[in-house]
Amino acid sequence: MCCCLSICNRLLDGYIMFDDDILRLESDVPRVEETALEALTRLGFFALRTGDHGLDQFVLEMQGLVPCTLTEIVGDKGAGKTQLCYSIVAAFLRDPERKGGNIALIDTTGSYRPSRLLELLEKRWNMNKVHGAELLKRVFVRPANTSARLSSALDALIKAGKTSNVELVIVDNVGSAMADTLIDYRNSGIKNQVSVIRKLTKLALMGNWVIIVNHLVYWRVAPTPALGYKWINEIAHRIVITNDDRYCDVHWLKIFTNRTMSDDRVALELTTHGIKCFPEDETMNVLGYSQSQIMSTFQCTNDDYMFGNY
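So in this note's numbering, the last one in the sequence shown is 311, and the numbering has no gaps at all.
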């Protein structure tokens, strides 16, 4: 104990002796603060994977899929939002570290396709249909095409707590279920939106991964997550997928962590094997135009719309 106190005191003084070397802690070096959860996530202990190594590395570096946090996947129509969710679900199901965990998928549009999940398991991990079908039993699907039904489904999950063994919650598509809140937006609409967000956040704080899918709407030129300014400002963590104007098979993925803007992004391709990520140099070779041209395809969107500055 005395030795530990001595080391701590010397660290506070600005240096520590180790094997006759002096490690000086420069006061002008910027310090980055993070919680224990953020540190463990950065180190990969709570990494939620997609099955593609390149995308997994990017998501890990950007802390894009973390537990105890409400994450919204938002993007253009046909950009691959649901396919990204399917890749996450398939990777979760076959991960030996998650074999005791279940998935709650709230389907608001009736678009859930277990056959697509089975196809991912077969083609990406060479899994036979019998084993794949057994894994799909851990996915519990509940329809909810209105905000009231979505709220009821979330209440049931909260009430069940850990007894359900649910570790991953996905709502696809939240914009569809919550569309009725826009009818009387400034009165009951905002109130209902905040209530749903609070319930989603509560589920996340119970130690779960909570992912919601939303779509972009175009308002005053720049694309904006649907459901209005209150919804936009209440969610701090987003994964944005946009289509490329020049190449229909290419999509761009960016991550906004705790409302922190970043220019880093990766190119995605949607395949029968799931989401495929392209490194920057490979992307330029495949697409045939420079990085400056690539970046220009996103200039009209900027990042202000993420925080309601529109």
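In this text, a Cβ means the ideal position worked out from N, Cα and C, and glycines have one as well.
Treat the numbers as computed from the prediction; the structure is a model and nothing was measured.
Just curious, the alpha helix (DSSP H) that Phe-257 is in, first and last residue?
Where Phe-257 is concerned, there is no enclosing alpha helix (DSSP H), although the beta strand (DSSP E) it sits in stretches over 252 to 257.
Thinking C-alpha only, which one of Cys-86, Lys-231, Ile-240 and Lys-160 is nearest Ile-171?
Cys-86
From Asn-215 to Val-90, what distance separates their C-alpha atoms?
17 Å
Cα-Cα separation, Thr-51 to Gly-65
11 Å
Starting from Val-67, trace the beta strand (DSSP E) both ways and give me its first and last residue.
From DSSP, Val-67 is part of no beta strand (DSSP E); its letter is neither H nor E.
Residue span of the alpha helix (DSSP H) that contains Thr-272, given as start and end:
That residue, Thr-272, is in no alpha helix (DSSP H); its beta strand (DSSP E) goes 266 to 272.
Is DSSP giving Lys-277 helix, strand or coil here?
strand
Closest by C-alpha distance to Arg-143, when choosing among His-238, Leu-158 and Lys-78
Leu-158
In the DSSP assignment, the alpha helix (DSSP H) including Asn-193 goes from what residue to what residue?
191 to 206
Under three-state DSSP, which class holds Phe-141?
strand
For Phe-279, which residues from the same chain have a beta carbon less than 6 Å from its beta carbon, with the 5 sequence-adjacent residues on both sides left out?
Ala-268
Among Val-60, Thr-182, Lys-138 and Thr-70, which one has its Cα closest to the Cα of Val-211?
Thr-70
With DSSP collapsed to three states, give me the class of Gly-162.
helix
If I measure Cβ to Cβ from Ala-161 and keep anything under 8 Å in the same chain, skipping five residues before and after, which residues do I get?
Val-167
Since His-216 is in the beta strand (DSSP E), which residue starts that stretch and which ends it?
210 to 220
Simplified DSSP state of Gly-81, which is helix, strand or coil:
coil
Let me check understanding here. Comparing Cα to Cα, which of Ile-74, Ser-88, Arg-150 and Gln-84 lies closest to His-54?
Ser-88
Secondary structure of Leu-56, DSSP reduced to three states
helix
In the DSSP output, what is Ala-223 paired with across the bridge?
Trp-220
In this structure, does DSSP put Arg-114 in helix, strand or coil?
coil
Looking at the unbroken beta strand (DSSP E) that takes in Asn-103, where does it start and where does it end?
103 to 108
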